[in-house]
Structures are given as structure tokens and as C-alpha cells.
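Peer 1: Quick one: the structure is below, questions incoming.
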Amino acid sequence: MQTRNLLLSLALLFSVAAIAQNEDPKNPNWKKYHTTADAYALLTGWSTTYPDLTNLYTIGHTLKGTPLMVLEITNKKTGSPDNKPAYYYDGNIHAGELTGAEVSLHFAWHILTQYDKDPRIKKLVDTRTLYVRPKFNPDGADIALTTVNHLRSTPRPYDEDMDGLLDEDPGNDLNKDNVIADMRIKNPTGRWKISEEDSRLMVRRGEGDATGNFYDVLEEGTDDDNDGLFNEDGIGGIDMNRNFPRNWGLESEQKGAGPYPLSEPETRHTIEFINAHKNITGIFHGHTSGGILFRLPSTTSWDNFNMEDQRLIMELSGKYEKTTGQKAIPSYSNPRLHRHGTLISWGYWDFGVVGFVPEFWGGFEADTDKDGRVSDVERLKWNDEKLGGKGFKNWQAYNHPQLGAVEIGGWDTKFTRQNPPVEMLQKEIEKYVPWMIWLAELSPRVVIRESNISVIEKGKVVKVSLVIENEGYLPTNITTRALEMEIAKPVRAMVEAKDAELVSGKPRTDVGHLDGSRESEGITKRTIEYVFKITGKTPMATVTIQSEKGGTTRKEISLK
6 MQTRNLLLSL ALLFSVAAIA QNEDPKNPNW KKYHTTADAY ALLTGWSTTY PDLTNLYTIG
66 HTLKGTPLMV LEITNKKTGS PDNKPAYYYD GNIHAGELTG AEVSLHFAWH ILTQYDKDPR
126 IKKLVDTRTL YVRPKFNPDG ADIALTTVNH LRSTPRPYDE DMDGLLDEDP GNDLNKDNVI
186 ADMRIKNPTG RWKISEEDSR LMVRRGEGDA TGNFYDVLEE GTDDDNDGLF NEDGIGGIDM
246 NRNFPRNWGL ESEQKGAGPY PLSEPETRHT IEFINAHKNI TGIFHGHTSG GILFRLPSTT
306 SWDNFNMEDQ RLIMELSGKY EKTTGQKAIP SYSNPRLHRH GTLISWGYWD FGVVGFVPEF
366 WGGFEADTDK DGRVSDVERL KWNDEKLGGK GFKNWQAYNH PQLGAVEIGG WDTKFTRQNP
426 PVEMLQKEIE KYVPWMIWLA ELSPRVVIRE SNISVIEKGK VVKVSLVIEN EGYLPTNITT
486 RALEMEIAKP VRAMVEAKDA ELVSGKPRTD VGHLDGSRES EGITKRTIEY VFKITGKTPM
546 ATVTIQSEKG GTTRKEISLK
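Position in the sequence shown (from 1) plus 5 gives the number in the numbering used here.
Given below as C-alpha cells:
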């Protein structure tokens with residue numbers, strides 16, 4: 006099935022490559038946002054340029070038929086990708102969070118181009134497998150990138166306002182400046198007024214404010230369905246990171262959850278892919294914005310996690326804080342208003358691994374008065390000085406077909422608040438590479454450390470002793486949750502004999518789990534012994550050590 010999917014995907018990729026902008030796969034342009042065609046052209050270029058290190062395939066298709074592409078990175082000469090510990094990276098599940106795709110693309114490029122230059126990366130690629138999926142939501146991402154529309158979901162039509170109509174009232178670029186900004190409308194009872202510090206800014210009306218002009222502020226657009234509301238039902242509406250099965254909630258509990266868990270092909274194929282790749286040891290789920298890391302818990306209380314896993318989550322999050330200078334905070338913070346149906350929640354509770362949601366782009370680096378917060382005035386100053394004013398649309402009078410005299414203006418939020426301006430993109434996406442590498446390096450890795458043969462009866466009976474070791478950092482079960490729910494298979498030793506008969510020891514032995522170097526007093530090694538009776542001229546034993554998360558290793562042993 007995977008071979009067939011690979012062929013179908015390549016056919017589609019070659020068709021989209023014709024409309025993609027040509028880029029050198031060894032030197033891409035990191036000062037632009039890549040469309041799906043551009044991104045897939047890069048993936049194709051990397052798979053062609055680095056055939057010994059990559060596989061490119063689809064894990065499914067969107068409703069529109071766009072392939073969901075994954076680039077698999079590992080040194081094929083050092084073993085099968087499925088037989089190595091792996092890490093899963095994705096981005097751009099939310100359509101407008103375009104930086105997520107760029108982080109994943111840049112990470113893949115960095116790994117491939119540095120393989121022959123950086124011994125650390127060479128060791129990583131020789132011993133681990135990386136699954137990189139830049140465009141989780143390719144159709145939605147292209148709408149967000151190539152049109153004026155603000156979009157979080159896929160373009161599947163969805164009734165967001167429950168009026169029986171689908172996508173009937175999106176935002177509108179009324180003044181044709183290629184941005185859907187805001188409208189301010191004079192209203193004596195309005196909740197907004199013009200700031201005294203900068204006339205471009207709107208501030209909340211204070212208690213007791215009775216003199217001056219007051220305004221309503223709405224997103225730029227018209228009331229397309231004449232229901233008295235503006236832009237309440239735009240393109241799509243399903244929030245795919247609320248569509249996963251763990252703690253999924255109905256629409257009344259979680260806006261955008263979809264009709265049922267995994268209703269979307271993008272989410273369904275994600276779970277199918279991860280579940281089919283038991284070697285995955287963690288999930289990197291790239292979003293924007295905020296310049297923070299969302300860690301577990303995500304959909305349920307921290308008290309529901311055992312203490313050992315709490316310590317692990319905090320340790321991995323702490324490393325993020327040190328490498329990026331950004332804070333890590335829990336995704337779950339309110340028992341009444343928490344999220345439902347997130348990927349990292351499913352990853353922990355049902356797959357037994359720790360996942361993270363980095364929210365790229367902290368936005369305006371403009372705290373000029375060093376008071377610990379960035380005010381709107383400081384944001385405007387940053388925009389004027391760093392962007393030449395292009396991030397904010399000055400207010401312009403407009404004769405609205407329904408509201409009459411209004412003014413249109415405000416932030417181009419898509420490339421100021423939600424994503425960095427293109428000239429700041431490269432610096433932003435580079436800062437996450439060290440932590441992304443470190444996450445994959447932590448995995449368990451099971452090896453046969455020693456093998457000894459002793460003669461019991463010369464030419465007739467021999468004993469083989471093997472020392473199995475987890476040389477990785479994490480235990481082979483990854484989390485205590487995986488043990489508690491019995492979803493972590495034990496390390497197994499299997500032996501086959503040629504011209505010999507196994508007379509002591511089992512053909513298949515469950516070794517249990519092995520701690521990694523993280524546990525200073527843990528059990529990282531076990532010894533297995535076999536006794537063989539020689540029955541032929543070239544007696545051999547083949548021992549296979551298998552660990553879902555720690556990889557598979559084999560050793561052939563001559564019994565002479």
C-alpha cells in the first residue's frame with residue numbers, strides 16, 4: 006500500500022511542481038512563505054538530492070485530493086526506518102499559522118544539508134528516523150497564504166453560526182488593499198474610542214466616559230446573510246486540533262470540534278500514521294503564535310498525570326526554555342474552559358508519548374520601556390521603525406453599503422501578530438532547530454553490547470551469553486502512562502538456529518523494559534543465555550532484539 010501511495014503522490018507532486026516556484030533544494034529561500042506546491046517541490050527535491058537519506062510518501066489525501074506528504078529522514082544503509090527509534094514533526098494544522106510549515110521545512114533542510122558536516126547530525130540520522138510533515142492542512146494553508154481570508158480550518162464548508170447555511174458570511178476586503186482589517190463606526194453607545202496617545206489606536210471606553218466620539222469596531226466586511234452579524238460564518242470552521250479522539254467534545258462544549266472525532270481526513274490519517282509507526286517516541290506539533298511552548302496537560306488536569314511523567318514533561322519543557330529563551334506553560338489551565346480533542350493529549354493518553362505544541366513567533370519585540378509588557382503604542386512604534394509602517398493600515402474613510410460612513414484600517418494581523426513579517430522569518434525558524442534535534446536524540450536505543458561463547462562440550466554443546474543494553478536516554482516504555490495502560494510492549498529477544506538446536510533458553514523471550522541513562526539507578530542492561538547443541542557443519546545463531554521505541558537490532562553468531 007505504501008509503495009502505491011508513493012507512486013500516486015509522486016505523480017501529483019510532479020503536477021504541482023510545474024506551478025511551484027523553482028528553488029534550489031540545497032539553498033531554499035527562507036525569506037518567503039511556501040505554498041503547498043512550493044513546499045512539496047522542496048520535499049521532492051530533497052528526496053531526489055538525498056536518496057540514501059530520505060523517503061517521500063503520502064499518508065492520505067484531503068477532501069480536495071491534495072496529498073498529505075511526509076518526508077522520512079534516516080540513513081537507509083544503517084537499517085530500515087521502521088527498525089529505528091523515531092520522532093514525528095508537523096506544522097500548519099491551523100491554516101493561518103504558516104510559520105509552522107516553515108519551521109518543519111527548515112528543520113528537514115538543516116538535517117539533510119548538515120549530515121556530512123556535523124557529526125552530531127550524522128549520528129542522529131544514522132541511528133534514528135525523523136518523520137517531517139510540513140503541511141498538515143495544505144488546502145487551508147494555501148487559502149490563508151494566497152488570499153486575503155483569515156482561516157484556521159480546512160475549507161470544508163461548516164455551519165459556524167448554526168443557521169442552516171454554510172460559509173455564507175466571510176470577511177470582505179472592501180477597500181481592495183489586500184488585507185481584511187477592521188472597521189470603526191461612530192456610535193454614541195460604542196465601546197471604543199480613539200487613543201489620546203496615537204490616533205491610529207482604538208482603546209476601550211472607560212467607565213464614566215461621556216464626551217467625545219465613540220465607536221463600534223468590527224472586522225472588515227459586510228453582513229452577507231442579513232442576520233445582523235458580520236463575518237460570523239467564513240470559510241470552513243472545523244478546528245482540527247479539537248478533532249482528535251481523546252476528550253473530544255461536542256460543538257456545544259468545544260467550538261470547531263467537528264461532527265465526530267477524526268471526521269477530517271487530515272486528522273484521521275495522522276492517527277493512522279502514528280499508530281502504524283510504533284517507533285515514534287514523541288510529537289512536535291508546530292503552531293503560532295505567542296512565542297511560548299504549550300506542554301501537557303492539554304485536555305485534563307495535571308493531577309491526573311503520575312508524578313514520574315510530570316517530571317519528564319517538566320524536564321523536556323525546561324530544555325525548550327533554555328534553548329529558545331521562551332516560556333513553557335500548560336495547555337490546560339481552567340477545568341471549565343479547557344480544550345478538547347488535541348493531538349498531544351491523544352499522544353500521551355492513548356499512544357504513551359509526550360508531545361508539545363510550540364507556538365512560534367512571540368511577535369513584537371518592542372518593550373522599549375522595559376516594563377515587562379508590550380503596549381499597543383510600542384507595537385505601533387515597532388511597526389513604524391522596523392517595518393516602515395506596512396504592518397498597520399492607516400484608517401481610510403469608506404462608504405459602507407449597509408453601515409454608511411465608516412473608516413477601514415488596523416493591523417495586518419496575518420503577518421504581524423500571527424506570523425512574522427517575511428524579513429524576520431528566517432531568524433524565527435532557526436531558533437527551534439537545537440531543541441528539535443535534542444528531542445529525537447533522547448529516544449531509547451537498544452543494542453547488543455556484548456556476546457560471549459563458552460564451550461560446554463567441545464564440538465557438541467555451546468553456551469551463548471548476550472548483554473542487551475538501552476544506550477539511549479529515555480526508557481524503552483517512554484512514559485509510565487504506557488506501562489499503566491499496557492500499551493508499551495516489552496523488549497523481546499528472538500533466536501533462530503542453523504545447524505544447531507536450542508536446548509536451553511526460549512526462542513522468544515520477553516526481556517521487559519530497560520531504563521535509559523536518565524535513571525542513574527535504573528536497569529539499563531540485561532543478560533540472556535542460550536545453550537545450543539551442534540547438529541551440522543556451519544552452526545549459526547541469529548539473535549534479534551526488538552523494541553517498539555528502542556529499535557530492532559540483529560546479530561549473527563558463529564557457534565563453532
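For every residue, glycine included, the Cβ atom is placed at its ideal position computed from N, Cα and C. Just so it is clear, the structure is predicted and the values come from calculations on it, not from any experiment.
With a 10 Å radius around its C-beta and 16 neighbouring C-beta atoms as the bar for buried, classify alanine 23 as buried or exposed.
Peer 2: Here residue 23 refers to the residue found at position 18 when the sequence shown is read from its first residue. Because the pLDDT at alanine 23 is just 43, under 50, the model does not fix this residue reliably, and the value given afterwards should be weighed accordingly. Counting Cβ neighbours within 10 Å, alanine 23 comes out exposed, since fewer than 16 surround it.
Peer 1: Taking alanine 46 as the reference, which of Asp57, Ser336 and Lys31 has the closest Cα?
Peer 2: Sequence index remark: in the sequence shown, residue 46 carries index 41 (1-based). Per the Cα distances, Lys31.
Peer 1: Using alpha carbons as the reference points, say which of Ala106, Thr347 and Leu73 lies closest to isoleucine 243.
Peer 2: In the sequence shown, residue 243 corresponds to position 238, counting from 1. Closest option to isoleucine 243, Cα to Cα, is Thr347.
Peer 1: Which same chain residues, not among the five before or five after arginine 422, have their C-beta less than 7 Å away from its C-beta?
Peer 2: Here residue 422 corresponds to residue number 417 of the sequence shown, with the count starting at 1. Closer than 7 Å at Cβ, skipping near neighbours: Ser294, Gly368 and Trp416.
Peer 1: Compute the Euclidean distance between the alpha carbons of glycine 241 and isoleucine 276, then round it to the nearest angstrom.
Peer 2: Residue numbering aside, residue 241 sits at position 236 when the sequence shown is read from its first letter. Residue numbering aside, residue 276 sits at position 271 when the sequence shown is read from its first letter. Looking at the two C-alpha atoms, the distance is approximately 22 Å.
Peer 1: By the three-class DSSP mapping on this structure, what secondary structure does glycine 70 have?
Peer 2: To locate residue 70, count along the sequence shown from 1; it is residue 65. Coil, per DSSP.
Peer 1: According to DSSP, is glutamine 331 part of a helix, a strand, or is it coil?
Peer 2: The residue given as residue 331 occupies position 326 in the sequence shown. Correct three-state label for glutamine 331: coil.
Peer 1: Can you tell me whether threonine 540 is buried or exposed, with buried defined as 16 or more other CB within 10 angstroms of its CB?
Peer 2: As a position in the sequence shown, residue 540 is number 535, starting the count at 1. Its Cβ having fewer than 16 others within 10 Å, threonine 540 is exposed.
Peer 1: Can you tell which of His111, Phe141, Glu102 and Ala91 has its C-alpha closest to the C-alpha of aspartate 131?
Peer 2: For this step, residue 131 is matched to residue 126 along the sequence shown. For aspartate 131, the closest of His111, Phe141, Glu102 and Ala91 by C-alpha to C-alpha distance is Ala91.
Peer 1: Taking the straight line between their C-alpha atoms, what separation do you get for tryptophan 366 and proline 425?
Peer 2: Translated into positions along the sequence shown, residue 366 becomes position 361. Translated into positions along the sequence shown, residue 425 becomes position 420. Approximately 6 Å, taken between the alpha carbons.
Peer 1: Within 10 angstroms of the Cβ of glutamate 501, are there 16 or more other Cβ atoms? Answer buried if so, exposed if not.
Peer 2: To locate residue 501, count along the sequence shown from 1; it is residue 496. Glutamate 501 comes out exposed.
Peer 1: Can you list, in chain order, the stretches of the beta strand (DSSP E) that have 3 or more residues and sit fully within the segment 285-320?
Peer 2: 285-293 and 297-300
Peer 1: Could you pull out every unbroken beta strand (DSSP E) segment of at least 3 residues lying fully inside the segment 344-415, listed in chain order?
Peer 2: 359-365 and 397-405
Peer 1: Can you tell me whether leucine 255 is buried or exposed? The criterion is at least 16 other CB atoms within 10 Å of its CB, across all chains shown.
Peer 2: As a working note, residue 255 is residue 250 in the sequence shown. Exposed, since its Cβ has fewer than 16 Cβ neighbours within 10 Å.
Peer 1: Using 8 Å as the Cβ pair cut-off and three pairs as the minimum, do the segment 172-189 and the segment 386-406 touch?
Peer 2: yes
Peer 1: Check the DSSP bridge columns for tryptophan 197 and list the partner residues they point to.
Peer 2: Reading the sequence shown from its first residue, position 192 is the one you call residue 197. BP columns for tryptophan 197 point to Arg209 and Tyr220.
Peer 1: Looking at glycine 217: is its Cβ nearer than 8 Å to the Cβ of lysine 198?
Peer 2: Within the sequence shown, numbered from 1, the residue matching residue 217 stands at position 212. Within the sequence shown, numbered from 1, the residue matching residue 198 stands at position 193. Yes, the Cβ-Cβ distance between glycine 217 and lysine 198 is below 8 Å.
Peer 1: Are there 16 or more other CB atoms within 10 angstroms of the CB of tryptophan 51, so buried, or fewer, so exposed?
Peer 2: Within the sequence shown, residue 51 is the residue found at index 46, counting from 1. With 16 or more other Cβ atoms within 10 Å, it is buried.
Peer 1: Three-state secondary structure (DSSP) at lysine 419?
Peer 2: Within the sequence shown, residue 419 is the residue found at index 414, counting from 1. Helix at lysine 419.
Peer 1: Buried or exposed: where does aspartate 174 fall if 16 or more other Cβ atoms within 10 Å of its Cβ makes it buried?
Peer 2: Along the sequence shown, read from residue 1 onward, the residue named residue 174 stands at position 169. Buried is the call here.
Peer 1: At what residues does the beta strand (DSSP E) containing asparagine 457 begin and finish?
Peer 2: The sequence position of residue 457 within the sequence shown is 452, counting from 1. In the DSSP annotation of this structure, the continuous segment of the beta strand (DSSP E) that includes asparagine 457 starts and ends at 451-462.
Peer 1: Counting only runs that start and end within the segment 41-90, where is the alpha helix (DSSP H) found for 4 or more residues in a row?
Peer 2: 41-54
Peer 1: Nearest CA to the CA of isoleucine 288: which residue from Leu392, Ile434 and Trp440?
Peer 2: Numbered from its first residue, the sequence shown carries residue 288 at position 283. Looking at the Cα atoms, Trp440 is the closest of the given residues.
Peer 1: For the beta strand (DSSP E) holding valine 536, just list the boundary residues, first then last.
Peer 2: Counted from its first residue, the sequence shown places residue 536 at position 531. 530-539 is the extent of the beta strand (DSSP E) around valine 536.
Peer 1: In chain order, what residues of the same chain lie with their CB nearer than 6 Å to the CB of lysine 530, ignoring the 5 residues before and after it?
Peer 2: Stepping through the sequence shown from its first residue, residue 530 is reached at position 525. Answer for lysine 530: Val472 and Glu474, listed in chain order.
Peer 1: Could you spell out where the alpha helix (DSSP H) holding glutamine 431 opens and where it closes?
Peer 2: Counting from 1 along the sequence shown, the entry for residue 431 is found at position 426. Where glutamine 431 is concerned, the enclosing alpha helix (DSSP H) stretches over 427-435.
Peer 1: What span of residues does the alpha helix (DSSP H) with asparagine 177 cover, start to end?
Peer 2: On the sequence shown, residue 177 is found 172 positions in, with the first residue counted as 1. Note, asparagine 177: premise wrong, no alpha helix (DSSP H); not H, not E.
Peer 1: Looking at the unbroken alpha helix (DSSP H) that takes in alanine 215, where does it start and where does it end?
Peer 2: The residue labelled residue 215 in the question sits at position 210 within the sequence shown. First-last for alanine 215: undefined, no H or E at that position.
Peer 1: Is it buried or exposed for lysine 565, if we count other Cβ within 10 angstroms and need 16 for buried?
Peer 2: Here residue 565 corresponds to residue number 560 of the sequence shown, with the count starting at 1. When all chains shown are included, lysine 565 counts as exposed.
Peer 1: Give the C-beta separation of threonine 268 and asparagine 248 to the nearest angstrom, bearing in mind that I take them to be a contact with Cβ-Cβ under 8 Å.
Peer 2: The residue given as residue 268 occupies position 263 in the sequence shown. The residue given as residue 248 occupies position 243 in the sequence shown. The displayed chain sequence assigns serine, not threonine, to residue 268. With a Cβ gap of about 6 Å, serine 268 and asparagine 248 count as contacting.
Peer 1: Do arginine 300 and proline 335 have their C-beta atoms within less than 8 Å of each other?
Peer 2: Numbered from its first residue, the sequence shown carries residue 300 at position 295. Numbered from its first residue, the sequence shown carries residue 335 at position 330. A contact, by the Cβ cut-off of 8 Å.
Peer 1: Excluding sequence positions up to five away, which residues of its chain have a Cβ less than 6 Å from the Cβ of aspartate 372?
Peer 2: What you label residue 372 is simply residue 367 of the sequence shown in a count that begins at 1. Counting only Cβ-Cβ distances below 6 Å, and skipping sequence neighbours, we find Val379.
Peer 1: What do you reckon, are the CB atoms on histidine 99 and histidine 345 nearer than 8 Å?
Peer 2: Position 94 of the sequence shown, counted from the first residue, corresponds to residue 99. Position 340 of the sequence shown, counted from the first residue, corresponds to residue 345. Going by C-beta atoms, histidine 99 is not nearer than 8 Å to histidine 345.
Peer 1: I'd like to confirm the pairing. Which residues does DSSP put opposite valine 548 in its beta bridges?
Peer 2: The residue labelled residue 548 in the question sits at position 543 within the sequence shown. DSSP lists Val500 and Lys560 as partners of valine 548.
Peer 1: Quick one: what's arginine 513 bridged to in DSSP?
Peer 2: One-based indexing of the sequence shown puts residue 513 at position 508. BP columns for arginine 513 point to Met499.
Peer 1: Within its chain, find whatever has a CB closer than 6 Å to the CB of arginine 133; leave out the 5 residues flanking it on each side and keep chain order.
Peer 2: For the purposes of this step, residue 133 is taken as residue 128 along the sequence shown, with counting starting at 1. Excluding residues within five positions, the ones whose Cβ falls inside 6 Å are Lys89, Pro90 and Ala445.
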